[in-house]
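Peer 1: Sharing a structure with you now.
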Amino acid sequence: MMAEPQLAPLPTGVLDMLRQASTSTLATQLYRRGFRQPTLIGVRPLSRVADGFAGEAFTMRFIPAREDVNPPDPYRSGNTLQWDAIEAVPPGQVIVVDSRGDASAASGGDMLMTRAWKRGAAGFVTDGGLRDGHVLSQLPFPTYARDVSITTRAAFHHVADLQVPIGCAGVAVYPGDVLVGDRDGVVVIPRALAAEIAEPAREQERLEAYLHTRIQAGEPLWGVYPPSEETRAQYKAWQEASSDATSTSGHRGDV
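Numbering follows the working numbering, in which position 214 of the sequence shown is assigned residue number 272; successive positions increment by one, without gaps.
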């Protein structure tokens with residue numbers, strides 16, 4: 059395991075703003091900056107009661123298990139990195155596992171996910187499998203995986219490293235990168251861009267909510283989506299009118 063990366067704290071409020079944006083919006087913001095594929099393809103949410111997460115990456119890397127290193131009793135092999143990760147992940151960070159896209163065996167299950175939840179982790183993401191899908195579906199803790207697997211991890215996976223650069227579902231993830239998950243999936247944001255895209259992503263959400271009302275009202279796509287300069291001007295006027303109405307309503311409430 060490499061030395062813990064020394065990273066400057068993210069600016070206050072960045073994670074909260076990113077949490078307010080959809081993964082689609084965040085992927086679009088990254089696309090505008092040249093990042094074509096930041097999405098963990100094939101990784102889906104298992105919890106039906108957790109809406110999503112935003113957190114810094116705490117990484118774990120698997121390699122294929124080998125019989126002389128991984129005996130039938132995995133708990134006596136001396137390889138405790140999986141447990142170390144659960145007990146070491148700082149509150150608010152998300153554990154991200156490079157399972158090589160192999161769901162033949164689970165990357166964890168009920169006990170580990172529950173412990174991670176109780177320790178304050180933001181979530182658990184793997185491009186492999188997770189066990190106990192029926193339990194995880196009702197756990198108020200964001201878990202994401204390629205599939206549900208009932209096979210124990212040690213049958214196919216050896217935990218090789220923590221807090222090193224990994225690949226998860228074909229996307230590079232460095233310790234401290236920001237991951238955001240929602241009902242659609244998970245997007246990886248390079249740490250250096252997290253603060254840069256947070257406010258534009260929130261503004262994109264507001265703009266598209268306005269555009270949606272116009273499309274839903276029956277207007278054609280042309281000039282509305284993507285918005286023309288005229289439509290953007292109408293959006294600004296709508297924003298100002300809404301702000302004035304809110305201010306007036308609030309003032310009257312104080313009288």
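Beta carbons: idealized from backbone N, C-alpha and C, even for Gly. All of these numbers come straight from a predicted model, not from anything done at the bench.
1. Taking the alpha-carbon of Val42 as reference, which of Leu237, Ala112 and Gly181 has the nearest alpha-carbon?
2. Assuming Thr354 is part of the beta strand (DSSP E), what are its boundary residues?
3. Alpha carbons only, please: which of Asp160, Pro198 and Leu269 is nearest the one belonging to Met171?
4. Do you know how far the Cα of Gln262 is from the Cα of Tyr232?
5. Does the separation of the CB atoms of Ala212 and Gly186 fall below 9 Å?
6. Kindly list the residues whose CB is nearer than 6 Å to the CB of Phe214, restricted to its own chain and excluding five residues on each side of it in sequence; keep chain order.
7. Would you tell me roughly how many angstroms separate the C-alpha atoms of Gly311 and Ser301, rounded to the nearest one?
8. Taking all protein chains shown into account, decide if Arg204 is buried (16 or more other Cβ within 10 angstroms of its Cβ) or exposed.
9. With respect to the beta strand (DSSP E) encompassing Ile208, which residues constitute its N-terminal and C-terminal limits?
10. Indicate the three-state DSSP secondary structure (helix, strand or coil) for Gly100 in the structure shown.
11. Distance, Cα to Cα, Val229 vs Arg102?
12. Taking 9 Å as the CB-CB limit, is Asp131 close to chain D?
13. Across the stretch 268 to 275 and the stretch 97 to 114, are there enough close Cβ pairs to call them in contact, namely three or more that are closer than 8 Å?
Peer 2: The structure says:
1. As shown, the chain starts at 59 and ends at 313. That puts residue 42 outside it, with no answer to give.
2. Here the chain comprises residues numbered 59 to 313, so residue 354 is not present and cannot be evaluated.
3. Translated into positions along the sequence shown, residue 171 becomes position 113. Ranking Asp160, Pro198 and Leu269 by Cα distance to Met171 puts Pro198 first.
4. Your numbering for residue 232 matches position 174 in the sequence shown. Your numbering for residue 262 matches position 204 in the sequence shown. Roughly 26 Å between the two C-alpha positions.
5. What you label residue 212 is simply residue 154 of the sequence shown in a count that begins at 1. What you label residue 186 is simply residue 128 of the sequence shown in a count that begins at 1. Going by C-beta atoms, Ala212 is not nearer than 9 Å to Gly186.
6. On the sequence shown, position 156 is the one that residue 214 refers to. Closer than 6 Å at the Cβ level, and outside the excluded window around Phe214, lie Ala123, Ser162 and Ala163.
7. Residue numbering aside, residue 311 sits at position 253 when the sequence shown is read from its first letter. Residue numbering aside, residue 301 sits at position 243 when the sequence shown is read from its first letter. With a pLDDT of 42 at Gly311, under the threshold of 50, the modelled position of that residue is not reliable, and the figure given next carries that caveat. If you take the alpha carbons of Gly311 and Ser301, they lie about 15 Å apart.
8. As a position in the sequence shown, residue 204 is number 146, starting the count at 1. Per the 10 Å Cβ criterion, buried.
9. Along the sequence shown, one-based indexing puts residue 208 at 150. Where Ile208 is concerned, there is no enclosing beta strand (DSSP E), given that its DSSP letter is neither H nor E.
10. The residue labelled residue 100 in the question sits at position 42 within the sequence shown. It is coil, neither helix nor strand.
11. Locating residue 229 in the sequence shown gives position 171, counting from the first residue. Locating residue 102 in the sequence shown gives position 44, counting from the first residue. Approximately 15 Å, taken between the alpha carbons.
12. Absent from the structure: chain D. Only one protein chain is present.
13. no
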